[in-house]
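S.K.: The structure that follows is given in the form of structure tokens.
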Amino acid sequence: MGTAWDVANASVFLASEEANYITGLIMPVDGGLSAHIGGA
């Protein structure tokens, strides 16, 4: 299970200059769980 720090780190990244070209993003912070949905 993820922690509040995982969400905080994603938020800090999106607010940083490193993400200045990213717009309209839905970024799941779920530890890869969504990658397994619908998988084999």
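Residues in the sequence shown are numbered from 1241 upward in steps of one, following our numbering.
Ideal placement from N, C-alpha and C gives every residue a C-beta, glycine not left out.
When the Cα atoms are used, what is the spatial distance from D1246 to V1269?
M.R.: Rounded to the nearest angstrom, the two C-alpha atoms are 7 Å apart.
S.K.: S1251 by DSSP, collapsed to three states: which one?
M.R.: Three-state DSSP puts S1251 in a helix.
S.K.: Our contact map puts F1313 next to A1259 with C-beta atoms below 8 Å; I'd like the distance itself, whole angstroms only.
M.R.: This structure does not reach residue 1313, given that the chain is present from 1241 up to 1280, and the question cannot be answered.
S.K.: Just the Cα atoms here: how many angstroms apart are G1264 and A1248?
M.R.: Whole-angstrom Cα-Cα distance: 19 Å.
S.K.: Going along the chain, which residues of its own chain have a beta-carbon closer than 7 Å to the beta-carbon of S1274, five neighbours each way excluded?
M.R.: The answer, listed in chain order, is P1268.
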